[in-house]
Amino acid sequence: MRNLIHQLRSNEDGIGIITALSVSFIVFALGATWYSLAVHELDEVSFDRNRTQALNVAEAGAKEAMALLTYDVDSWRTDAQSVGFASSGILPGGVCDVQTLETVNEGVVEGQGEYWVAVTKVDNLKYHVESWGWAPSRTSAKGVAKKVLLDVELVPLGGFTNALFAAKGGIVGANFKTIYGDAYSGEDVTISSSTNIYKNDDPYRGQGTLSVYGDLTIANGSNVFVQSDVNVQGRVNDLSASTVYGSTVQIRSDSTISSYLSSYFKKATVLGGEVKIADPALKAGSNIGGATLIPNANDMQPVPDVSLPAFTFNAADYPGYTITYYANLTALRAYVAANGNNLKGVHVVAAGDGSVVNFHQNTFTDNFVLIVDGSFEIRGTPKKGSTPTGDPASVIIVMKNAAGTLTLGQNFQSVPGEVHHLVFSNGIVTSTNQSVIYGALYGYKDQTGNRLEIHFRPPSEGVIQGFEFDPALADSFIPEPGDWRDVSPNSEPVTAYCTP
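For the sequence shown, the tail end lands on 501 under this note's numbering, and the numbers increase by one without skipping.
Put into structure tokens, the structure is as follows:
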């Protein structure tokens, strides 16, 4: 018996198999764990991608809602009820018409997701937008839903919203201009040298668009860059080989105001990827690089024909301001010489004679309005540290005679954050030296050159009451969204409104 026990203890048959099975079990267990982790990570990556995509899709729906409100499509703006993409009309209730967001990548249409939007009118021109986004779709087993909420106020066009505005005289001196903000011309624009239009400095209004109610002509050898959309009511004749359009180019080809039979691009780069024209084709030999040409386009909003704001002086419009009257510019210069360290108030000059008013190194301690009935030249850079309150002083320069000329002369510059200018000419505005404006330039005809630089800043509301804007703008609006709120779909589901 003792020998049998000893044999059993010392017998190693099968130990190798047991060891192999144990190692295999451990390897299989680790493999299963790694596979589970890999699948989990792939699911997480897919979820994160869908979550980001769902948010992008929801934002696309909200932006479309803002566009529909702006243009009052299907009476969105005037409907007092909650409205949305619904086949049965007014929401809530009914069957939702869920929209699909698609992009085109190298000619291939790619679905990004689906969205549904509802808009509720809160107050006059104020709306609450709710946009749901699903990625890859609302029926996908691994789909993700996101919701975007925002409040939108429609602001009637009017007021000073452009960095550069020229009315029926057009822009004809477009040499060496640098614009931060939007530019508008109510007539033809002719660029014969260098012009750059950029998105404005944050957080100020202006995306860097150029809108022309007329033709856009760019001379051979010109260097032009427009960061955002170019909207032309007439046609484009671009003879330069180096123009860069940063976004979509839209040409309405209005033959009633155009001097050209078709639009032409010698060699343009269109970063936005699309050139829309109402004509059936561009002029033979046109080169728009790899951009997509969309002929016979009929979905473009017209460029509005906007008049220069009318200016009328009324002392009652300036409560709280001291108003001083002068017979001529000589009397005004005497005032400036005596009060150069404390310039403020409203100053009205009965007659301009083309002579110079120089504010170089003067101090503006509050808002300042200068109104001259006739031609004159404005010069000088204000002294820094002008406004002790910290708010920039608005210096309003008005040449109100339609037959006159306002000239921007030597050292005419603003002081960023301290002294901003609104330059307004009821006639021609021109320049003889480099000028840097933080504010806006409005004129009937723009002939400025010599390296004009404008950074749009809105003027103070307290000193622009004398301006009356084109009544045709009363029905034109731009959306001013509040804060975008990305929220999880943890409140009432979209099915509470209607059935997707």
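We put the beta carbon where it would ideally sit given N, CA and C, even for glycine. The model shown is predicted, which means the values in this text are computed figures rather than measured ones.
Short Cβ contact (7 Å threshold) for residue i with residue j
i: A66; j: V130; result: yes
i: E154; j: K178; result: no
i: K277; j: Y265; result: no
i: D487; j: L151; result: no
i: Q208; j: S229; result: yes
i: V370; j: V337; result: no
i: G286; j: S259; result: no
i: Y443; j: F425; result: yes
i: V1; j: H422; result: Past the edges of the chain, shown from 2 to 501, lies residue 1, and the structure says nothing about it.
i: I372; j: F413; result: no
i: G182; j: A168; result: no
i: S132; j: A68; result: no
i: L407; j: V430; result: yes
i: G114; j: G134; result: yes
i: Y214; j: V145; result: no
i: D318; j: G467; result: yes
i: I252; j: V227; result: no
i: Y445; j: L333; result: no
i: I219; j: I192; result: yes
i: G405; j: G428; result: yes
i: A269; j: T244; result: yes
i: S263; j: D280; result: yes
Burial state of residue i (16 or more Cβ within 10 Å)
i: V271; result: buried
i: T313; result: exposed
i: A394; result: buried
i: T323; result: exposed
i: N343; result: exposed
i: S212; result: buried
i: N221; result: exposed
i: R50; result: exposed
i: K143; result: exposed
i: E462; result: exposed
i: G62; result: buried
i: G321; result: exposed
i: P137; result: buried
i: S254; result: buried
i: N201; result: buried
i: T249; result: buried
i: K401; result: buried
i: A441; result: buried
i: N238; result: buried
i: K148; result: buried
i: I546; result: In the structure displayed, the chain extends from 2 to 501; residue 546 sits before or after that span and is not available.
i: H449; result: Note that residue 449 is Thr in the sequence shown here, rather than His. Flag for T449 reads buried.
i: G112; result: exposed
i: S376; result: buried
i: A184; result: buried
i: G418; result: exposed
i: A316; result: exposed
i: K345; result: buried
i: I398; result: buried
Collapsed DSSP secondary structure at residue i in the structure displayed
i: W430; result: It should be pointed out that residue 430 corresponds to Val in this sequence rather than to Trp. In this structure, V430 counts as strand in the three-state DSSP scheme.
i: G463; result: helix
i: Q113; result: strand
i: L165; result: strand
i: V304; result: coil
i: V149; result: strand
i: P310; result: coil
i: D447; result: strand
i: A119; result: strand
i: Y319; result: coil
i: A184; result: strand
i: E42; result: Only weak support exists for where E42 lies, its pLDDT of 48 falling under 50; the value from the coordinates is given anyway. Correct three-state label for E42: helix.
i: V337; result: helix
i: L442; result: strand
i: K64; result: helix
i: V173; result: coil
i: D216; result: coil
i: A59; result: helix
i: A332; result: helix
i: N238; result: strand
i: R206; result: coil
i: N221; result: coil
i: D189; result: coil
Contact with chain B by residue i, beta-carbon distance below 7 Å
i: I252; result: Of the protein chains in the structure, only one exists, and it is not chain B.
For the region 353–418, which segments carrying the alpha helix (DSSP H) assignment without a break, of at least 4 residues, lie completely within its bounds, in sequence order? Runs of the alpha helix (DSSP H) lying entirely within the region 353–418 and spanning at least 4 residues: none are present.
Below 8 Å, how does it come out for the region 445–455 and the region 284–295: are there three or more Cβ pairs, yes or no? no
Evaluate the contact criterion for the region 346–357 versus the region 322–330: three or more CB pairs, one atom per stretch, below 8 Å. yes
Segments of 4+ residues assigned as alpha helix (DSSP H) that fall wholly inside the region 247–297: Whole alpha helix (DSSP H) segments, 4+ residues: zero.
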